[in-house]
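Visitor: UniProt numbering numbers the first residue of the sequence shown as 1 and each following residue consecutively.
Backbone N, C-alpha and C define an ideal beta-carbon position, used for all residues, glycine too.
So that we are looking at the same thing, I have put the structure below in structure tokens.
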Amino acid sequence: MQNLSEEQIAEPQVDPYLESAKTFHLEMPPYHSFDLSLQADSAKIYKILTNRGTIDAYCIWCDKDGVFNAHNFLSDNIAVPSWTTRHDGLIEIEYHCARNRSHAYHTYYFKAGNFLAKVGQFPSVADFQIPQAQAYKKILDGEQYKEFTRGIGLAAHGVGIGSFVYLRRIFENLIEEAHAKAQAENKEFSNDQYLKARMDEKIKMVKEYLPEFLVENRSLYAILSTGIHDLTEDECLKYFETVKIGIEQILDEKIIQKEKADKAKKAREAIQKVHGQISNAK
Ligand SMILES: [Zn+2]
């Protein structure tokens, strides 16, 4: 695998879903589980489940980013020890949108001794993430957009390797688009050399036609390929969010480029029109 050493794909130190209350409640797929005998994880999870503060998150009903207040949380007045057998069973967590209390995110966890797993979420991870992906309709054609949301949907339901397949297709399509442009616009482009090259080389050959972020982070492709061939279902799920954010960065850059080009085109036309009118008036 290019640009990807063994260490880089080794087990991450901390589970990425423990990063914040938002990743834990809203992005973690169901049946993701933890061993509470691991002190670092256990302390973080306890803090997240007892959080009485807010979460910054996208509201699917308001259709924009918002603030969510903790409404139902794990309550415990006994500071030490954090976890007791009283917590065994179902734990229900609820957050309400600050704009409208009926906009509520519910998540459920099951604890038995040192075992803790997410067992439910409403609305689903996909319900929460797919509306946020809609911005990419501007840049992905119908089929590609479907594949992108299918990847998100699969990861949301705990299908790791399959979700990587869809994200890798998005990546490959972006490269192919750049390849077609390079061939059309550059007479010196050596297609034979391109077709024989590995992905890393291919990206370098068509880099002028690609978003900068993609060129800089072309190891993303190696992660996706490693995921499909060598990583486990769980490992793919762990890395999914990172890889998805990488793809989104690339698409964001393409959207900005497109908007800039559209605006320039409109401005050019408007200037020509005004210039024509002034010239005619003279
Ligand atoms: Zn709302």
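(1) Between the region 129-140 and the region 36-54, are three or more C-beta pairs nearer than 8 Å?
(2) Taking 6 Å as the cut-off, is the C-beta of Arg101 nearer than that to any heavy atom in ligand 1?
(3) Where does Tyr209 fall in DSSP's three states?
(4) Could you tell me the boundaries of the beta strand (DSSP E) in which Gln121 lies?
(5) Would you mind stating whether Tyr108 and Val119 have Cβ atoms separated by less than 7 Å?
(6) I'd like to confirm something about Gly246: is its beta-carbon nearer than 6 Å to some heavy atom of ligand 1, or not?
(7) Can you list, in chain order, the residues of its chain whose CB lies under 6 Å from that of Val206, leaving out five sequence neighbours each side?
(8) Which runs of the alpha helix (DSSP H) at least 4 residues long sit entirely within the region 130-158? Give them in chain order.
(9) Helix, strand or coil: how does DSSP classify Cys62 here?
(10) So, is the C-beta of Phe189 closer than 7 Å to a C-beta in chain C?
(11) Classify Glu227 as helix, strand or coil using the three-state DSSP reduction.
(12) Taking the beta strand (DSSP E) that Thr107 falls in, what are its first and last residues?
(13) If you draw a straight line from the C-alpha of His275 to the C-alpha of Glu269, how long is it?
(14) For Cys236, which option in Val159, Tyr95 and Leu26 has the closest C-alpha, if you only look at C-alpha atoms?
(15) Mind the definition here: the region 60-78 touches the region 36-45 only if three or more C-beta pairs lie below 8 Å; say whether that holds.
(16) What's the C-alpha gap between Ala264 and Tyr209?
(17) Would you give the residue range spanned by the beta strand (DSSP E) that Arg89 belongs to?
(18) For the beta strand (DSSP E) holding Phe189, just list the boundary residues, first then last.
(19) Would you report the Cα separation of Ala222 and Glu216, rounded to the nearest angstrom?
(20) By Cβ distance, which residues of its chain are closer than 7 Å to Asn69, with the 5 residues on each side in sequence left out?
(21) Tell me the DSSP secondary structure of Glu7 in three-state form.
(22) Is any heavy atom of ligand 1 found at a distance shorter than 6 Å from the C-beta of Cys236?
(23) Please confirm whether residue 285 and Tyr166 have their CB atoms less than 7 Å apart.
(24) Using beta-carbon positions only, say whether Ile245 and Phe164 come within less than 7 Å of one another.
(25) Can you tell me whether Ile247 is buried or exposed? The criterion is at least 16 other CB atoms within 10 Å of its CB, across all chains shown.
(26) Return the CA-CA distance between Ile203 and Arg218, expressed in angstroms with no decimal places.
Guide: So, from the listed chains and residues:
(1) no
(2) no
(3) helix
(4) Phe115 to Phe122
(5) yes
(6) no
(7) Ala178, His179 and Ala182
(8) 142-156
(9) coil
(10) Looking for chain C here will not work: only one protein chain is present.
(11) Before going further, note that residue 227 is Gly rather than Glu in the sequence given. Three-state DSSP puts Gly227 in a helix.
(12) Ala104 to Ala112
(13) 10 Å
(14) Val159
(15) no
(16) 18 Å
(17) One point to set straight first is that residue 89 is Gly, not Arg, in the sequence displayed. Element bounds for Gly89: Gly89 to Cys97.
(18) Careful: Phe189 lies outside any beta strand (DSSP E) and carries neither H nor E.
(19) 13 Å
(20) Thr54, Tyr95, His96 and Ala98
(21) Model confidence at Glu7 stands at a pLDDT of 47, short of 50, so the residue's coordinates are unreliable; what they give is reported in the following sentence. In this structure, Glu7 counts as helix in the three-state DSSP scheme.
(22) no
(23) Since the first residue of the chain shown is 1 and the last is 282, residue 285 is not available in this structure.
(24) no
(25) buried
(26) 7 Å
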